[in-house]
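J.: Dumping the structure here so I can ask a few things about it.
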Amino acid sequence: MIYDRVSRRSVLTTSAGALTASIAGCSAGSGQTGESGDTGDGSVAITHTVSMEPVGEVAFRAVPERWLTYFPGYADMGVALGHGDGLVAVGNVPRYHVDAYDELPGVSVDTEGLTEVLGEGGIDTEIYYELDADVHLTDPQWLINNSAFGLEADAVDEVATNVAPFLGNTVFRRTDAWHDYRYYTLYEAFETVAEVFKERERYEAFRAFHDDVIAAIHADLPPADRRPNALLTFGDGDEPERFSPYRLSDRGTNKKQFRDLGIADALADTGISGLSTTDRGRIDYETMLEVDPDVILVRGHEDKTADEFADTVLAFMRDHEVASELTAVQNDRVFRGGPIYQGPIQHLFSLERAATEIFPDTFSGELFDRDELAAIVAGES
Numbered sequence: 013m014i015y016d017r018v019s020r021r022s023v024l025t026t027s028a029g030a031l032t033a034s035i036a037g038c039s040a041g042s043g044q045t046g047e048s049g050d051t052g053d054g055s056v057a058i059t060h061t062v063s064m065e066p067v068g069e070v071a072f073r074a075v076p077e078r079w080l081t082y083f084p085g086y087a088d089m090g091v092a093l094g095h096g097d098g099l100v101a102v103g104n105v106p107r108y109h110v111d112a113y114d115e116l117p118g119v120s121v122d123t124e125g126l127t128e129v130l131g132e133g134g135i136d137t138e139i140y141y142e143l144d145a146d147v148h149l150t151d152p153q154w155l156i157n158n159s160a161f162g163l164e165a166d167a168v169d170e171v172a173t174n175v176a177p178f179l180g181n182t183v184f185r186r187t188d189a190w191h192d193y194r195y196y197t198l199y200e201a202f203e204t205v206a207e208v209f210k211e212r213e214r215y216e217a218f219r220a221f222h223d224d225v226i227a228a229i230h231a232d233l234p235p236a237d238r239r240p241n242a243l244l245t246f247g248d249g250d251e252p253e254r255f256s257p258y259r260l261s262d263r264g265t266n267k268k269q270f271r272d273l274g275i276a277d278a279l280a281d282t283g284i285s286g287l288s289t290t291d292r293g294r295i296d297y298e299t300m301l302e303v304d305p306d307v308i309l310v311r312g313h314e315d316k317t318a319d320e321f322a323d324t325v326l327a328f329m330r331d332h333e334v335a336s337e338l339t340a341v342q343n344d345r346v347f348r349g350g351p352i353y354q355g356p357i358q359h360l361f362s363l364e365r366a367a368t369e370i371f372p373d374t375f376s377g378e379l380f381d382r383d384e385l386a387a388i389v390a391g392e393s
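Position in the sequence shown (first residue = 1) + 12 = the numbering used here.
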């Protein structure tokens, strides 16, 4: 599929019968010698094309300088490729967790300088015009099918036509009925973003680093019959009574660390479905007790340290009439569930945290070299 859109920055004339490709340019005054698509005769030179479902092919006449995304995981991908300075907005700033960057020398993002795409009443498309980005690394179907945003397909199409194209895939979960096109793994999506920024070498270095970390962890993992199962939920507030369940068997990117560790889904064969755009599903402690998982993972608490989580959420569960009967609560095996959205940097830290918490007798301390990872992000590897 060729996404039939032309940006305001340039026009591509195709041969007879060919479809028009969506074209993304760079901001004026970029000074990118050798990367610009200007030909000197008023026509547009395409430097590279990138394809990703559901949009299809997008043609670029330069590496994007200003970019935005709804998904913090895609923001993390851009940072991992050394393009964090060009990030101008994310959908929900508080859900973009950047504390991992503090452990990587020279890596940082000023979240206070980011614009939030999602407003109190949804998403106003005017924000895209104001930000004037070169590309929107966002799945347009996510915007159209999420009723909280209040966006129609025509409005999203107009942004793609008049501002800059969309390119992205909703990869953090796989439970939405409207997502009837290809899914991408974390590293497949990361590779696509690397193509956008023409950062193949940096991506390959990062992928190799990731593979080495995974191999080292797998070498020390207990055998499958000695690994616990886990219930992953979203439970907001310090005293949660009801929870929205996730399925670890859902191969979304925000569960990758648990798959990497071979953690079994405690909800297997229960008939309980995972959270989606149309199903916010709720379970209580009585339902949890029927399952009685070995480990409980609670999302919605990434702003807390491990001790703060234990002193609030876990402490509440210990004193709760029903929750206190849960095996995981009695064994202090209730942990923060990790970010809803995560990219390649965030995943490595989530993996390390999950490994050391769930397998404390096997893993401890730092499981990967921070300086080496920072050098990859900086393009110095």
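Note that beta-carbon positions come from the ideal geometry of N, C-alpha and C, so glycine has one too.
Starting from Gly-398, trace the alpha helix (DSSP H) in both directions and tell me its first and last residue.
T.: Given that the chain is displayed from residue 13 to residue 393, the structure contains no residue 398 and the question cannot be resolved.
J.: Under the rule that 16 or more other beta-carbon atoms within 10 Å means buried, what is Leu-31, buried or exposed?
T.: The residue given as residue 31 occupies position 19 in the sequence shown. Any answer about Leu-31 is weak, because its pLDDT of 25 lies below 50 and its placement is not dependable; what the coordinates show is given next. Exposed is the call here.
J.: Would you tell me roughly how many angstroms separate the C-alpha atoms of Asp-296 and Thr-245, rounded to the nearest one?
T.: Numbered from its first residue, the sequence shown carries residue 296 at position 284. Numbered from its first residue, the sequence shown carries residue 245 at position 233. The straight-line gap from Cα to Cα measures roughly 11 angstroms.
J.: In whole angstroms, what separates the C-alpha of Thr-368 from that of Gly-349?
T.: Walking along the sequence shown from the start, residue 368 turns up at place 356. Walking along the sequence shown from the start, residue 349 turns up at place 337. Their Cα atoms are separated by approximately 13 angstroms.
J.: Can you tell me which of Ala-217, Asp-331, Asp-323 and Ile-284 puts its alpha carbon nearest to the alpha carbon of Tyr-258?
T.: Residue numbering aside, residue 258 sits at position 246 when the sequence shown is read from its first letter. Nearest option by C-alpha distance: Ile-284.
J.: Using a Cβ distance threshold of 8 angstroms, determine whether the segment 175-183 contacts the segment 192-212, with at least three qualifying pairs required.
T.: Because the criterion of three Cβ pairs below 8 angstroms is met, the segment 175-183 and the segment 192-212 touch.
J.: Check Gly-96 in the structure and name its three-state DSSP category.
T.: As a first step, residue 96 is located in the sequence shown; it is residue number 84 there, counting from the start. Of the three classes helix, strand and coil, the one that applies to Gly-96 here is helix, per DSSP.
J.: Pick helix, strand or coil for Trp-79, following the three-state DSSP scheme.
T.: Position 67 of the sequence shown, counted from the start, is the residue given in the question as residue 79. If DSSP states are grouped into helix, strand and coil, Trp-79 belongs with the strands.
J.: Any idea which residues DSSP pairs Met-64 with across the strands?
T.: By one-based count along the sequence shown, residue 64 stands at place 52. BP columns for Met-64 point to Gly-68.
J.: Can you tell me whether Gly-264 is buried or exposed? The criterion is at least 16 other CB atoms within 10 Å of its CB, across all chains shown.
T.: Mapped onto the sequence shown, residue 264 falls at position 252. It counts as buried.
J.: Taking the alpha helix (DSSP H) that Phe-9 falls in, what are its first and last residues?
T.: Here the chain covers residues 13 to 393 and nothing more, so residue 9 does not appear.
J.: Is it true that the segment 325-340 meets the segment 302-315, where meeting means three or more beta-carbon pairs spaced less than 8 angstroms apart?
T.: Touching, yes, given that three or more Cβ pairs across the two stretches are closer than 8 angstroms.
J.: Between which two residues does the beta strand (DSSP E) carrying Arg-311 extend?
T.: Reading the sequence shown from its first residue, position 299 is the one you call residue 311. Element bounds for Arg-311: 307-311.
J.: Quick check: the Cα distance between Val-110 and Ser-120, rounded to an integer number of angstroms?
T.: The residue you call residue 110 lines up with position 98 of the sequence shown. The residue you call residue 120 lines up with position 108 of the sequence shown. Using only the alpha carbons, I get a separation of about 8 angstroms.
J.: Give me, in chain order, the residues of the same chain whose beta-carbon lies closer than 7 angstroms to that of Tyr-141; leave out the 5 immediate sequence neighbours on both sides.
T.: For the purposes of this step, residue 141 is taken as the residue at position 129 of the sequence shown. Result list for Tyr-141: Val-175, in chain order.
J.: Going by the CB atoms, is the gap between Lys-268 and His-359 shorter than 8 angstroms?
T.: The residue labelled residue 359 in the question sits at position 347 within the sequence shown. The residue labelled residue 268 in the question sits at position 256 within the sequence shown. Closer than 8 angstroms, so yes.
J.: Distance, Cα to Cα, Leu-379 vs Gly-133?
T.: Along the sequence shown, one-based indexing puts residue 379 at 367. Along the sequence shown, one-based indexing puts residue 133 at 121. The alpha-carbon atoms of Leu-379 and Gly-133 are separated by roughly 42 angstroms.
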